[in-house]
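Residue numbers (the numbering used here): 1 to 322.
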């Protein structure tokens with residue numbers, strides 16, 4: 001059994017809305033082993049962003065966590081004070097966002113931003129500058145001494161994302177959260193950034209929680225995959241197991257919708273019929289029952305149990321129960 005850098009158990013997150021309580025996450029279980037890359041995949045609205053903001057304790061004011069455990073390096077993040085959490089964020093846990101322009105300050109130079117985030121380190125500005133330039137070199141930024149003095153708008157999108165990765169990794173975090181970091185990039189840059197993340201992860205030995213809706217990216221980069229649907233984790237296992245032996249009907253349908261899996265030319269792309277359920281007015285039974293072609297009577301009455309379907313392959317579905 002591999003030791004986990006992050007362990008989430010029975011995590012639920014609610015949002016207070018004008019219509020009522022929106023149950024964004026419900027009883028989520030998730031493990032991130034040390035020195036591994038775990039991918040989280042699912043449709044828009046499945047709870048990926050809420051999961052991330054729960055981990056870094058940046059939920060909106062109208063959010064509430066009624067139950068759950070988020071254990072990072074043997075301590076429950078949900079029990080830490082704001083100051084204690086602030087000492088972990090940006091040092092032991094770092095994050096790379098989807099759009100680098102929303103991360104980088106447009107009116108402050110790259111170098112100034114990289115030096116400023118080292119405010120906790122009691123070392124000279126000269127050492128901080130050299131450390132920053134070394135990190136820019138490591139992420140493959142050309143002419144790092146020149147780029148150090150430039151502003152974000154003077155760099156291309158791919159170069160901006162490399163700077164964001166450099167800033168996130170500069171403190172040597174144990175866990176890097178990558179929130180769809182290649183979505184805003186073209187295909188060529190996407191391949192480069194994925195290769196860079198893999199190389200840096202192997203070199204630095206950190207774990208990565210990689211969030212994406214792009215199945216091809218997940219398959220290329222990740223060691224383990226977590227499949228989310230409507231606020232729940234419905235399946236979790238190794239990348240090989242999930243892509244070659246999917247057990248949950250939603251996972252199967254999701255893989256069928258991947259354009260890369262289409263072998264014959266056709267006018268329309270495959271889709272999953274129906275709509276995601278209303279998370280304010282949830283009915284009993286399986287969350288996927290109304291969109292599932294294999295649904296049985298039991299699905300409408302009982303919520304499936306989260307169980308180990310195969311070796312380290314977990315699923316929540318009545319069809320897999322013996």
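All residues carry an ideal CB built from backbone N, CA and C; glycine is no exception.
Excluding residues up to 5 positions away in sequence, 109 and 111 lie with their Cβ nearer than 7 angstroms to the Cβ of residue 149 in the same chain.
In terms of Cβ geometry, residue 23 and residue 279 form a close pair [threshold 9 angstroms]. Between residue 70 and residue 175, the C-beta gap is not smaller than 9 angstroms, which leaves the two residues out of contact.
Boundaries of the beta strand (DSSP E) around residue 316: 313-316.
Rounded to whole angstroms, residue 212 and residue 30 show a C-alpha spacing of 16 angstroms. By the neighbour-count criterion, in which 16 or more other beta carbons inside 10 Å mark a residue as buried, residue 128 falls on the buried side. For the segment 151-234, the continuous beta strand (DSSP E) assignments of 3+ residues that do not extend past its boundaries occur at 175-179, 207-211 and 224-229, in sequence order. Counting C-beta pairs with one atom in each stretch, the segment 310-320 and the segment 223-239 have three or more that are closer than 8 angstroms, which means they touch.
About 7 angstroms separates the CB atoms of residue 177 and residue 93; that is less than 8 angstroms, so the two are in contact. Judged by DSSP secondary structure, residue 23 falls within the beta strand (DSSP E) whose first and last residues are 20-33.
Listed in chain order, the beta strand (DSSP E) elements of length 3 or more contained wholly in the segment 79-103 are 93-96. In terms of Cβ geometry, residue 226 and residue 96 do not form a close pair [threshold 9 angstroms].
Where residue 125 is concerned, the enclosing alpha helix (DSSP H) starts and stops at 125-138. Between the segment 236-249 and the segment 259-269, the count of C-beta pairs closer than 8 angstroms stays below three; the two stretches do not touch.
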